[in-house]
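Residue numbers (the working numbering): 1 to 134.
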């Protein structure tokens, strides 16, 4: 089973919690046991599982990546000025796989799923949800 969801982004770099959209898809599927792959299309965005209890964790992720991968110093910047976005997305990765247990996402209390935008704002980021059952 597969679905594509779209998320619009408002900042150049930010994390967007997409957990509820994913939960809705799993609930609608009726699948009780399996795995879910969450994959973002595009070379300057990523998918991350992280805490969402308070905004500071998300801000810390962006701040850390800005420190270790600064903007404006990469060869690709001569092309279109987003070399850092490609590197950040490559390090985090375009997908995460989550177990489905008793019809629910197998995340802990503190885990949420985030779209990581590194080259926004974007009108639409497409995220492919692929659910595989037993």
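Yeah, the Cβ is synthetic: ideal placement off N, Cα and C, and Gly gets one too. All of these numbers come straight from a predicted model, not from anything done at the bench.
For residue i, which residues of its own chain have a beta-carbon under 6 Å away from its beta-carbon, when the five flanking residues on both sides are left out?
i	result
residue 5	21 and 127
residue 3	25 and 129
residue 39	94, 95 and 128
residue 120	9, 11 and 12
residue 69	84, 87 and 88
Looking only at its own chain, which residues have a Cβ that is under 7 Å from the Cβ of residue i, when we skip the five neighbours before and after it?
i	result
residue 34	100, 131, 132, 133 and 134
residue 7	16, 18, 115, 125 and 127
residue 86	43, 44 and 76
Less than 8 Å between the CB atoms is what I'm expecting for residue i and residue j, so what's the real figure, rounded?
i	j	result
residue 117	residue 9	4 Å
residue 23	residue 102	In fact, because the Cβ distance is near 13 Å, the residues do not count as touching under 8 Å.
Is the distance from the Cβ of residue i to the Cβ of residue j below 9 Å?
i	j	result
residue 46	residue 115	yes
residue 63	residue 74	no
residue 81	residue 90	no
residue 51	residue 110	yes
residue 36	residue 98	yes
residue 48	residue 29	no
Pick helix, strand or coil for residue i, following the three-state DSSP scheme.
i	result
residue 95	strand
residue 52	coil
residue 5	strand
residue 100	strand
residue 64	helix
residue 125	strand
residue 76	coil
residue 82	coil
To which residues does DSSP link residue i through a beta bridge?
i	result
residue 47	115
residue 17	114
residue 130	2 and 37
residue 105	100
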